[in-house]
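Please read the structure below before turning to the comments.
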Amino acid sequence: MNEAEDEHGPNRRAHRLPAEVPAEEAAELKRRYLAGATLSALLADFDGSYRTLRAVLQDQGVTFRAPQPMTPPAPPGMVETYYSGKSIAETGKAFGLGRDITKRMLLEAGVELRGRGRPPRSPSTGSDFTDF
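Residue numbers are given in the working numbering: position 38 of the sequence shown equals residue 808, and the series is strictly consecutive.
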């Protein structure tokens with residue numbers, strides 16, 4: 771057992787102040803965060819608390835990203851359902867999902883979303899308002 775484990779137990783991180791983090795380590799944390807690493811990923815390799823990690827990154831001038839929800843991949847058939855003419859809400863309902871997560875899944879799948887409302891129907895469908 772090391773000193774940190776003696777003082778804090780095996781599952782607790784040692785109390786470490788931001789000023790105690792060497793400049794090289796702070797710069798590496800900044801580089802990794804700016805390259806896309808999450809705070810959780812950085813914390814796994816950092817000998818200190820979450821609060822200290824954030825303070826070190828703030829001292830390095832990092833602007834924190836807003837947390838993004840994880841978007842699972844679109845289930846089989848979702849893209850085809852949307853392309854068949856259904857709205858995002860209708861597509862989501864067909865898969866038991868809400869509109870927002872359905873939209874994120876479609877975007878992650880590379881789908882170019884239609885504008886609001888249904889696309890105009892062609893005159894051959896009888897919706898050109900001339901047949902009163």
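From the three backbone atoms N, C-alpha and C, an ideal C-beta is built for every residue, glycine too.
Could you give the DSSP three-state label for residue i: helix, strand or coil?
| i | result |
| --- | --- |
| residue 817 | coil |
| residue 884 | coil |
| residue 842 | coil |
| residue 832 | coil |
| residue 866 | coil |
| residue 804 | helix |
| residue 823 | helix |
| residue 793 | helix |
| residue 787 | coil |
| residue 902 | Any reading at residue 902 must be qualified, since the residue scores a pLDDT of 42, below 50, and its modelled position is unreliable; the value itself is stated next. Residue 902: coil per DSSP, three-state reduction. |
| residue 879 | coil |
| residue 856 | coil |
Quick one: Cα of residue i to Cα of residue j, how far?
| i | j | result |
| --- | --- | --- |
| residue 801 | residue 879 | 29 Å |
| residue 789 | residue 834 | 20 Å |
| residue 848 | residue 785 | 48 Å |
| residue 866 | residue 885 | 23 Å |
| residue 883 | residue 807 | 29 Å |
| residue 839 | residue 827 | 22 Å |
| residue 853 | residue 791 | 53 Å |
| residue 830 | residue 873 | 36 Å |
| residue 877 | residue 864 | 17 Å |
| residue 756 | residue 795 | Only positions 771 to 902 of the chain appear in the structure, and residue 756 is not among them; the question remains open. |
Suppose contacts are defined by Cβ-Cβ distances below 9 Å. Is residue i in contact with residue j by that definition?
| i | j | result |
| --- | --- | --- |
| residue 787 | residue 823 | no |
| residue 871 | residue 841 | yes |
| residue 813 | residue 832 | no |
Would you mind working out which of the options sits nearest residue i, comparing C-alpha positions?
| i | options | result |
| --- | --- | --- |
| residue 868 | 881, 809, 844 and 850 | 844 |
| residue 846 | 837, 815, 861 and 832 | 861 |
| residue 797 | 821, 856 and 825 | 825 |
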